[in-house]
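According to the UniProt record's numbering, the sequence shown is numbered sequentially starting from 1.
Structure first, commentary second.
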Amino acid sequence: MSQDSRMIILPGSQALSNFRVSNLISEIDNSLKSSVVIDVRSCHIHYIHTKSLLDEVTLNKVKTLLKYDNELDLSDPKSKLLNELVQLDGDHQDSVDKLKSLHSDTYLFRILPRPGTISPWSSKATNIMEVCGLGDKIERIERGTAVLIDVRPGFPLLEQLHNEQYASFASVYDRMTQTLFINDSVPKYNDLFEEHEPKPLVHVDIISSKENLIKANKEMGLALDDGEISYLIDAFKNNLNRNPTDVELFMFAQVNSEHCRHKIFNADWTIDNEKKDMSLFQMIRNTHNLNPQYTVSAYSDNAAVFEGSPAYYFGPNLEKRNTWTSTKETVHTLIKVETHNHPTAVSPFPGAATGSGGEIRDEGAVGRGSKPKCGLSGFSVSDLEIPDLKQPWELSVGKPNHIASPLDIMIEAPLGSAAFNNEFGRPCITGYFRTLTTSVKNSEGKDEIRGFHKPIMIAGGMGAVRPQLSLKSDFKITPGSAIIVLGGQSMLIGLGGGAASSVASGEGSADLDFASVQRGNPEMQRRAQQVIDACNSLGVDSPIQCIHDVGAGGLSNALPELVHDNGLGAKFELRDILSLEPGMSPMELWCNESQERYVLGVSQSNLEFFKNICERERCPFAVVGTATSEQRLINNAETDENDEETSEFDDQEGENDVEENNRNEPFKNYIKSIVERGDGLAFDNQYQQHSTQLPAQSSHSLLQSQQQHFHRHHQHPHNNHDPQYQDHQHHQQLSLNLQQRQRKRQRNEKSDIDKDIKKCSRCRMKRVHENENELEKYQTCIQCRERRKVKEKKPRGPMKLPELRDDWKGFLDKVAMNSIMDVQGHIYRAYTDERQFPRYSHDDLTTDIVQKIGDKIVEKYIHPLQELTGFKFAIRDHHNPPLYDKNRSKKITWMFICSQDKFRRRKSRSENKRQVLNKLKTEECCSKISLSYDIINGIVQISYNHKHHKPYNLIDSSGAIKPSRIHLENEQAEVDRAVMEAAAAAVAAVAASDEKKEAKGEEHEENKIVIARSHARNDNNNNNDNNNNSGTGTNGNNENISSGDE
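If you want it as structure tokens, here you go:
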């Protein structure tokens, strides 16, 4: 372990598995075409940036947290040597000397993140340290990998690896995102954690020579064509009469690149000497113009939205202490597909990862906030040319050294895309890949090889957005609102990504390509998405007024787009942007394409609430500016020259013409201006010279503390025993003590005042902005009252329901079947007769009118059901409409239940809480008959649900059960059926004897009628006996038989 006041180095677990070690040895040997490697050892290295020296207890906690995976076997001499070497510190010369004495055939490789960047592992590990209570002692923790390689004696390994640009190290080292320290090149504190002074604003002299702009175009990778160069020279030299800054040139290049502006897609097309009416982009959009059905938004937001179906939104309810609840609503679906070609060509794994990450941010920034759900990735490359497996149709075309091969892309890129999706928490569920290299004849008749030499990487996905948040046009940023950057810190990565994507593959330099590739951090993006999800759960009360993702061009594209889309301007403070490297220049702060960031607007009243959400989700954020009603973009970047850059929107040209307000005054003049304002600071000439060396972001309080520090150490350094000096110190101490007592008294007074301030009973926030009347009248704050306030609704007009079921006779016929079968979900819905039920307006309704209408409705629609079925329906629930509120519907509602339903028993009010069981409540009929009547529109609706059972009809005075109408009809039908059956049987019996018929003639006919009547009386007597339960079956039967015999 190495420890000083700034950085601790701790060795970690084994970094490479046996499989990866074997793979590395195989790749080196195959690349060098010789068996070179004898042995390999590896481990992780942890570099800890401390705020102060750690005591033994804290250090043991850190070591415990950093124990994971398989530890090094220190009994092995090679592993023990590696463990000792990785703890050497590059800030000490003896460490370097020790490494120089390393055996000539042994090589130590340290693989660390590129300077000025922070790895995803570092974000997670640093956050874990903070959660474990170590945030006040540890600034940041970073991890590297150490590989110790032994080769055969005398082999020049470093020379061979340098010639191949370390291609055989591809499995452990990514030159786009990492850097190598070999042997005595030992990482120092400055290589990982150094903070530099802010770089100044740079001007490009185009007034004296056009060649300076052409040179800057090549060196900065701006990808400007001849027309754009001429435009810039004319704008600055002839109109503004000044030189542009690097910020303005870089911003123009990003915003005006093919990646952002789609100049080719929007260009005119001439095919076979015929000019087409529409550009390629217009052709694509024309499909939506012809068929806009079911589309909520298209070509106007970060992703397209089409109409969804009713579903449930599951999210936290802040009014119920963040309890997760389901809300039924229409959930719209959003879809998105975009390309990320250039970064994938330069560095497949991180390029494809950030491609998927950028598409995820697009999905999350739809409307006022949305939710990504699932993803896809696709790849088109040239022929793979797999070693030892080359196909006859494949053509070799070569590639630049800093561009990955198609095979490497297809091995690494899908893994990068899937890794980012999985670590973010979104599955990548589908994709594709294809290869193409072919020879064709061009317009000049010459053979030309075409293919996907610059690969195509497609990232896409689907998500969901709540309907009230789906359109940005429904809500606008208000002037004075805070402009916020949400997400990760700015880093020196992704510079010129938008412009680099507009260059043909291989045209740019390797250094520019390295700088233009972004680095992904899915953990940080997940935190930002959780902040958005928390705001989305509030619906229309979301604190987010408008949101955009940060993509190509960085903040130089996202922030102007955010305010300009809302018809506003803004004033930004570049030094307020969160930055991992404070030494970044204004151009680097404004134009870098660091990932996992969003820009959004939040009103000042909701700013504190939004901050609380970000702190809860541990997501970084910064308020970087304020929206203004004037459409003017102002960027302030305090540098040593205190430059101020000002940009204006130009709606006619569609671009940002930039003008600068330069104040080329030394920093000491700025200090003099503070004195002239009377800010309570007094400076002499000596301190003015000292102050010019202060950091550019010096504040008023910092200047004051620096002044005191300067006077203590520089004013009287020569004679501490001088009585005058001692007297001066005594008075200074008295003054300091007095100031401390005053500050303490002020703090106590403020705390006493805070104790008296009432808090909101719901959110517990202090109600400091409310007057005494509001504090007396309400128990909640203004925000909580506004959130719970019932918003005015437009009164509903008469409307016809989509499906009327107004067949009253058919409804009754189905209900009548309830005597022999179950009837469930049977609905009647219709308009009532205006002659019986006149229509009323809101103003005409009174309590008496509502009561009379209700009685008539029950009499007309419920009484016939009781008479028809024999069931008795009792009112279980009844509600009259509120007459005081005109905006609420005017419906009378009832719920009836069957009097025999045993699930509807009434509980006793006696002291023993006995259950009083009604003898009639014996059936499991699960009854529910709902009735509602809309008084204004005259619509009645009945929902009939009742299981079949035998009814206990209304009992008469004698105790006998009165039969219902339906049962009387059923009994009469049974009697008629019995008469007909008996008559048919008698006719068949008499017809059997033909001879009897002819002999007796008329007597036979009379007998037929007598027999039929006797059979009918017999059946009727049997039915009466069964119904009345009187008499004996034997007597009745004998009587019938005797009657029949007669």
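Cβ atoms here follow ideal geometry from the backbone N, Cα and C, with glycine treated the same way.
> For F349, which of helix, strand or coil comes out of DSSP?
Replying inline: Walking along the sequence shown from the start, residue 349 turns up at place 349. F349: helix per DSSP, three-state reduction.
> What residues in its chain sit with their C-beta under 7 angstroms from that of Q938, if we drop five residues either side in the sequence?
Replying inline: Here residue 938 refers to the residue found at position 938 when the sequence shown is read from its first residue. Residue 938 is actually Gly in this sequence, not Gln. Closer than 7 angstroms at the Cβ level, and outside the excluded window around G938, lie Y831, T832, E834, F837, R839.
> For the stretch 259-326, which segments carrying the beta strand (DSSP E) assignment without a break, of at least 3 residues, lie completely within its bounds, in sequence order?
Replying inline: Every beta strand (DSSP E) of 3 residues or more that sits fully in the stretch 259-326 is shown, in chain order, as 295-297, 304-317.
> Based on the DSSP output, what are the partners of H49 in its beta bridges?
Replying inline: Locating residue 49 in the sequence shown gives position 49, counting from the first residue. M7, R140, per the DSSP bridge assignment.
>> Below 8 angstroms, how does it come out for the stretch 439-452 and the stretch 319-334: are there three or more Cβ pairs, yes or no?
In response: no
> Could you give the residue range of the alpha helix (DSSP H) that holds T437?
Replying inline: Position 437 of the sequence shown holds residue 437. Unbroken run through T437 is the beta strand (DSSP E), 437-441; no alpha helix (DSSP H).
> Among residues of its own chain, excluding the 5 on either side of L66, which ones have a beta-carbon nearer than 7 angstroms to its beta-carbon?
Replying inline: Walking along the sequence shown from the start, residue 66 turns up at place 66. Same-chain partners within the cutoff: L10, G12, H46.
> Run through DSSP, which three-state label would S943 get?
Replying inline: As a position in the sequence shown, residue 943 is number 943, starting the count at 1. The answer is strand: DSSP assigns S943 an E or B state.
> How do the stretch 226-237 and the stretch 260-270 stand: do at least 3 beta-carbon pairs fall below 8 angstroms, yes or no?
Replying inline: no
> Excluding sequence positions up to five away, which residues of its chain have a Cβ less than 7 angstroms from the Cβ of K928?
Replying inline: By one-based count along the sequence shown, residue 928 stands at place 928. Here K928 has M895, I897, N945 as same chain residues with Cβ atoms under 7 angstroms from its own Cβ, once five neighbours each way along the sequence are excluded.
> Under the three-state reduction of DSSP, which class applies to C428: helix, strand or coil?
Replying inline: Position 428 of the sequence shown, counting from 1, holds the residue named residue 428. Of the three classes helix, strand and coil, the one that applies to C428 here is strand, per DSSP.
> According to DSSP, which residues form a beta bridge with F252?
Replying inline: As a working note, residue 252 is residue 252 in the sequence shown. Answer is none; F252 lacks a bridge partner.
> Leaving out the 5 sequence neighbours to the left and right, which residues in its chain are closer than 6 angstroms to I936 when beta-carbon positions are compared?
Replying inline: As a first step, residue 936 is located in the sequence shown; it is residue number 936 there, counting from the start. Cβ neighbours of I936 beyond the five flanking positions: K890.
> Which partner residues does T145 have in the DSSP bridge list?
Replying inline: Numbered from its first residue, the sequence shown carries residue 145 at position 145. Answer is H44, I111, bridged to T145.
> Can we say the stretch 845-861 touches the stretch 878-892, given the rule of at least three CB pairs closer than 8 angstroms?
Replying inline: Touching, per the Cβ criterion.
> How is M584 classed by DSSP in three states: helix, strand or coil?
Replying inline: Locating residue 584 in the sequence shown gives position 584, counting from the first residue. Coil.
> Ends of the beta strand (DSSP E) at E573?
Replying inline: Translated into the one-based positions of the sequence shown, residue 573 becomes position 573. Its beta strand (DSSP E) spans residues 569-573.
>> I need the DSSP call for A499, collapsed to helix, strand or coil.
In response: On the sequence shown, residue 499 is found 499 positions in, with the first residue counted as 1. Note that A499 scores 44 on pLDDT, short of 50, meaning its location in the model is unreliable; the coordinates nonetheless yield the value given after this. Correct three-state label for A499: helix.
> Quick one: is N612 buried, meaning 16 or more other Cβ sit within 10 Å of its Cβ, or exposed?
Replying inline: In the sequence shown, residue 612 corresponds to position 612, counting from 1. Exposed.
> Which of the three DSSP states, helix, strand or coil, is assigned to D806?
Replying inline: Residue 806 sits at position 806 when you count from the first residue of the sequence shown. Note: D806 maps to coil in three-state DSSP.
> Pick from T846, L931, T869: whose alpha carbon is nearest that of H878?
Replying inline: Here residue 878 refers to the residue found at position 878 of the sequence shown. Looking at the Cα atoms, L931 is the closest of the given residues.
> For A15, which residues from the same chain have a beta carbon less than 6 angstroms from its beta carbon, with the 5 sequence-adjacent residues on both sides left out?
Replying inline: Locating residue 15 in the sequence shown gives position 15, where the first residue counts as 1. Answer for A15: S42, C43, H44, T145, listed in chain order.
> If you run the structure through DSSP and keep just helix, strand and coil, what is V602?
Replying inline: Position 602 of the sequence shown, counted from the first residue, corresponds to residue 602. In the structure shown, V602 sits in a strand (DSSP, three-state: E or B).
> For the alpha helix (DSSP H) that N536 lies in, which residues bound it at each end?
Replying inline: Stepping through the sequence shown from its first residue, residue 536 is reached at position 536. Element bounds for N536: 522-536.
> Do three or more CB pairs link the stretch 581-591 to the stretch 277-288 at distances below 8 angstroms?
Replying inline: Flag = no, the stretch 581-591 and the stretch 277-288 do not touch.
> Nearest CA to the CA of P348: which residue from P467, S405, L538?
Replying inline: Here residue 348 refers to the residue found at position 348 when the sequence shown is read from its first residue. Of the candidates P467, S405, L538, the one whose C-alpha sits nearest the C-alpha of P348 is S405.
>> I'd like to check one pair, V204 with A223: are the Cβ atoms closer than 7 angstroms?
In response: Counted from its first residue, the sequence shown places residue 223 at position 223. Counted from its first residue, the sequence shown places residue 204 at position 204. No, the Cβ-Cβ distance between A223 and V204 is not below 7 angstroms.
> On the three-state DSSP scale, how would you describe P406?
Replying inline: As a first step, residue 406 is located in the sequence shown; it is residue number 406 there, counting from the start. Reduced to three states, the DSSP call for P406 is helix.
> Can A304 and A298 be called in contact, C-beta distance under 7 angstroms?
Replying inline: Residue 304 sits at position 304 when you count from the first residue of the sequence shown. Residue 298 sits at position 298 when you count from the first residue of the sequence shown. The answer is yes: Cβ separation under 7 angstroms.
> How many angstroms separate the CA atom of N163 from the CA atom of T437?
Replying inline: Stepping through the sequence shown from its first residue, residue 163 is reached at position 163. Stepping through the sequence shown from its first residue, residue 437 is reached at position 437. Each residue's alpha carbon lies about 29 angstroms from the other.
> Should A216 be listed as close to the ligand FMN, given that the test is whether its C-beta is under 6 angstroms from any heavy atom?
Replying inline: As for the ligand FMN, it is missing from this structure, which has no ligand bound.
> Can you tell me the Cα-Cα spacing of E981 and I875, whole angstroms?
Replying inline: One-based indexing of the sequence shown puts residue 981 at position 981. One-based indexing of the sequence shown puts residue 875 at position 875. Cα-Cα distance, rounded: 45 angstroms.
> Given that a residue counts as buried once 16 or more other Cβ atoms are within 10 Å of its Cβ, and exposed if not, what is E596?
Replying inline: Indexing the sequence shown from 1 puts residue 596 at position 596. Buried, because 16 or more other Cβ atoms sit within 10 Å of the Cβ of E596.
>> Would you call the stretch 577-584 in contact with the stretch 464-478, where contact means no fewer than 3 C-beta pairs closer than 8 angstroms?
In response: They do not touch, by the three-pair rule.
>> My output table needs one value for R368: the three-state DSSP class, helix, strand or coil.
In response: Looking up residue 368 in the sequence shown gives position 368. Here DSSP, grouped into helix, strand and coil, assigns R368 to coil.
> Would you call M457 buried or exposed, if buried means 16 or more other Cβ atoms sit within 10 Å of its Cβ?
Replying inline: Locating residue 457 in the sequence shown gives position 457, where the first residue counts as 1. Label assigned to M457: buried.
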